[in-house]
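Under my numbering, think of the first position of the sequence shown as -2, with each following residue one higher.
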Amino acid sequence: EVLKDHPTMIFFTAEDHGESPLFAAFPSQQNPIEGEATKTPLHVHADDLCFAGGRLFFTRMSAVAPNEIWKYELRDELAIRFGEPWEAVTHMNDALLSQIDMQSLESFTFKGANNDDVQGFMIKPPGFDPNKKYPLKFLLHGGPQGAWGNSWTYRWNAELFAATGNYVVVMINFHGSTGYGQKFTDSISGDWGGKPYVDLMRGLDYLEKTYPLIDKNREAALGASYGGYMANWLLGHTDRFKCIVSHDGMFNAESAYGTTEELWFANWEFGGPPWKKRDAYRKWSPHEYAQNFKTPTLVVHGQNDYRLDVSQGFDLFTTLQVLKVPSKMLYFPDEGHWVLKPQNSQLWYKTVNDWVDQWCK
């Protein structure tokens, strides 16, 4: 997202601790760009940069509002540093949002694996009462090179998860997440169930000790893609959750190698193909720990998922059924790795939230 049409400024976006703010650099013909660019004071998840008529246009969203178009009248470096004059161009959602009670995104930090700082986010339910205890929805992001943050999404919307049934929602950017430096992102490769799992467990311990509003006896873990993998990993490594939702997750690492369209990915993450790195595949494959499965689990998968074949979901569900673990499967014959059709999305949210309510209410 680099804008280089203006002769004295370069604007770009980059992930940074749960946000994707605008950055500005001020090159000249005499001096190359050195050091850090200027981070604008407008806290946003920005995207879609466009330069026209001396103005920078971009989209801006947050955890409590979908995209609107904003503009910036290009001036000088001083104006950019002090945040003037940013201006919203569209107000398509103002009237509707004024009628909805959504809690702001709260950030917290704790010591995770390797004693590294790990960031997480919390959203409280509408009408939050500090004197009450609330059940917890513990969301696990995909990627794994991805991140939760101050952005709006129609899939896995944290505000909707919080409002449906009055839950506290927590999201942790474990090792492997983006926006914390390349070393932090790369640290997950070859360690899928290692440092990220430590981060999640330490983060949950921190939350339970720090926030009395969380009812530690009513916690659910939900994840998709790599988050689905981690949900499956949790199944075999902890009994602290009342229920789990595993969406489009890897269950058998070896069979997933031959059924994905992302042919390079497993070689990067596991160090090579299964016939050369069998120990790594078996070490980090959730199916190897099926003897420990006890937690009630909802499995979700789409027939047209070419990233993680639908057989991964069927394999997991069959295993749960054979083990007599309370389980259910939601199968979409017309969806891929993401649930995109509006009617299917409604069914997905209802099924997922009903499952969590069944075990946590």
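Beta carbons: idealized from backbone N, C-alpha and C, even for Gly. Here the structure is a predicted model, which means the values were calculated and not measured.
If you count every other CB in all the chains shown that lies within 10 Å of the CB of residue i, and 16 or more means buried, which is it?
i, result
"Asp331", "exposed"
"Leu93", "exposed"
"Asp196", "buried"
"Asn147", "buried"
"Pro127", "exposed"
"Ile120", "buried"
"Phe358", "Residue identity check: residue 358 is Lys in the sequence provided, not Phe. Under this definition Lys358 is an exposed residue."
"His298", "buried"
"Lys338", "exposed"
"Lys192", "buried"
"Gly255", "exposed"
"Tyr278", "buried"
"Trp261", "exposed"
"Tyr223", "buried"
"Ala88", "Per the sequence shown, the amino acid found at residue 88 is His instead of Ala. Exposed is the call here."
"Pro209", "exposed"
Pull up the distance between the alpha-carbon of residue i and that of residue j, whole angstroms please.
i, j, result
"Tyr303", "Thr315", "20 Å"
"Leu172", "Lys206", "Per the sequence shown, the amino acid found at residue 172 is His instead of Leu. Cα-Cα distance, rounded: 22 Å."
"Leu313", "Asn289", "13 Å"
"Val336", "Asp91", "27 Å"
"Met6", "Trp145", "29 Å"
"Ala263", "Ser186", "10 Å"
"Leu305", "Trp230", "16 Å"
"Lys129", "Ile97", "22 Å"
"Ser271", "Lys180", "According to the sequence provided, residue 271 is Pro. The question's Ser does not apply to it. One C-alpha to the other measures close to 25 Å."
"Glu12", "Val319", "43 Å"
"Val307", "Pro141", "19 Å"
"Gly50", "Gln355", "56 Å"
"Leu71", "Arg52", "6 Å"
"Thr161", "Asp351", "9 Å"
"Ile241", "Ala22", "45 Å"
"Asn203", "Asn163", "The question names Asn, but residue 203 in the sequence shown is Tyr. Cα-Cα distance, rounded: 21 Å."
"Gln309", "Asp114", "33 Å"
"Asp188", "Val165", "29 Å"
"Thr106", "Tyr346", "29 Å"
"Trp359", "Thr257", "For residue 359 there is no data in the structure shown, the boundaries of the chain being -2 and 358."
Taking residue i as the reference, give the member of the options with the closest Cα.
i, options, result
"Lys280", "Lys291, Gln288, Phe267", "Phe267"
"Val167", "Leu157, Gly187, Lys134", "Lys134"
"Glu84", "Asn90, Thr56, Ile97, Ala110", "Thr56"
"Lys321", "Phe311, Met89, Thr292", "Thr292"
"Asp245", "Cys357, Arg215, Leu157, Phe311", "Phe311"
"Val86", "Glu65, Ser95, Glu70", "Glu65"
"Asp45", "Phe9, Val61, Gly51, Glu70", "Phe9"
"Asn111", "Ala287, Arg199, Gly176, Glu156", "Arg199"
"Phe158", "Trp189, Ala217, Tyr203", "Ala217"
"Gly333", "Val353, Gln300, Trp345", "Gln300"
"Lys108", "Ala250, Leu201, Gly176", "Leu201"
"Gly190", "Ala155, Phe248, Val165, Leu204", "Phe248"
"Leu219", "Gly139, Ser282, Thr257", "Gly139"
Any idea what DSSP makes of residue i, helix, strand or coil?
i, result
"Asn264", "helix"
"Asp359", "Since the first and last residues shown for the chain are -2 and 358, residue 359 lies out of range."
"Asp276", "helix"
"Asn128", "coil"
"Tyr177", "coil"
"Trp345", "helix"
"Gln116", "strand"
"Asp245", "coil"
"Tyr151", "coil"
"Gly191", "coil"
"Asn163", "coil"
"Leu219", "strand"
"Asn64", "strand"
"Asn214", "strand"
"Met198", "helix"
"Glu12", "coil"
"Ala92", "helix"
"Lys108", "strand"
"Lys338", "coil"
"Val319", "helix"
Could you give the C-beta distance for residue i and residue j, rounded to a whole number, given that I count them as a contact under 8 Å?
i, j, result
"Phe125", "Gln100", "6 Å"
"Ala43", "Pro63", "Not a contact, Cβ separation roughly 14 Å."
"Leu137", "Met58", "Wrong, their Cβ atoms sit about 22 Å apart, outside the cutoff."
"Phe54", "Lys68", "5 Å"
"Tyr364", "Pro123", "Shown here, the chain extends from -2 to 358; a query on residue 364 therefore has no answer."
"Leu327", "Thr348", "5 Å"
"Lys239", "Arg275", "In fact, because the Cβ distance is near 35 Å, the residues do not count as touching under 8 Å."
"Trp149", "Ala221", "Contact doesn't hold; Cβ gap of about 17 Å is too wide."
"His234", "Tyr151", "No, His234 and Tyr151 are not in contact; Cβ-Cβ is about 31 Å, not under 8 Å."
"Val296", "Ser243", "5 Å"
"Thr294", "Ser252", "With a Cβ gap of about 19 Å, Thr294 and Ser252 do not count as contacting."
"Gly178", "Gly15", "Not a contact, Cβ separation roughly 14 Å."
"Gly225", "Ser174", "Not really, about 16 Å apart at Cβ, beyond 8 Å."
"Gln116", "Asn170", "5 Å"
Looking at the C-beta of residue i, does it have a partner C-beta in chain B at a distance below 8 Å?
i, result
"Tyr208", "No chain B appears in this structure, which consists of one protein chain only."
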